[in-house]
């Protein structure tokens, strides 16, 4: 990783994934965290993240909870374990002593205060199970059959043109589409 990236993270008061790993955090393959994601640097060695995990913008993973500090003189701490093939939606918070099983989808803006098993979709504050992952994905697949689907050329990673932007705007006027 470049020195410039490390400096930019430090200026913002954040730590790179690589730095957190060097401090003891465990991370599997294909981990992605988008901007503003905070992985508790003060106790990062208590965080375990599996393979194929994505964290959307502004997710917070906390291994400490200082709500008891003033009254008891101690801060609560606990491990956070995130399984394989997990998606954590934007602005969600995962609190200490939480385990998320494999194939879990966390809806945006959720507060996860307890553990959840494999193969569930959770959402809310506090988070609760709202569906089984396979049922949710089946429904999405059915919806894809009648929805606009776009390849990578319709993203910033691809060959996005003004014409493609206009096409997407028109086709998505009142419906959901899907992009690679």
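Numbering (our numbering), first residue to last: 162 to 341.
Beta carbons: idealized from backbone N, C-alpha and C, even for Gly.
CB-CB length for residue 198 against residue 220, believed under 8 Å: So it is a contact: roughly 5 Å between Cβ atoms.
Reference residue 311; option with closest CA among 328, 242, 181, 184: 328
Cβ shell of residue 304 (< 8 Å), same chain only, five flanking positions each side left out: Taken in chain order, the residues that qualify are 337.
Identified DSSP bridge partners for residue 194: 216
Three-state secondary structure (DSSP) of residue 205: It is helical.
Buried or exposed by the 16-neighbour rule on C-beta atoms within 10 Å, applied to residue 278: Burial is judged here by how many other beta carbons sit within 10 angstroms of a residue's own beta carbon; residue 278 has fewer than 16 and is exposed.
Continuous alpha helix (DSSP H) stretch holding residue 231: start and end: 230-233
Cutoff 7 Å; reference residue 185; Cβ partners in own chain excluding five residues on either side: So the list reads 205, 206, once near-sequence residues are dropped.
The segment 311-325 / the segment 288-297 touching (three or more Cβ pairs under 8 Å): Between the segment 311-325 and the segment 288-297, the count of Cβ pairs shorter than 8 Å is below three; the stretches do not touch.
Supposed contact pair residue 259 and residue 267 - C-beta distance, whole angstroms, cut 8 Å: With a Cβ gap of about 11 Å, residue 267 and residue 259 do not count as contacting.
Pick from 271, 233, 232, 282 that is closest to residue 255, judged by C-alpha positions: 271
Buried or exposed by the 16-neighbour rule on C-beta atoms within 10 Å, applied to residue 253: buried
Residue 275: first and last residue of the uninterrupted beta strand (DSSP E) it sits in: It is not in any beta strand (DSSP E) - residue 275 carries neither H nor E in the DSSP assignment.
Pick from 248, 225, 244, 341 that is closest to residue 189, judged by C-alpha positions: 244
Cβ distance (whole Å) where residue 269 is taken to contact residue 285 below 8 Å: Taking the Cβ atoms as the reference, residue 269 lies roughly 11 Å from residue 285, outside the contact range of under 8 Å.
Unbroken beta strand (DSSP E) run spanning residue 289, endpoints: 288-293 is the extent of the beta strand (DSSP E) around residue 289.
Inter-residue Cα distance where the pair is residue 276 and residue 178: 24 Å
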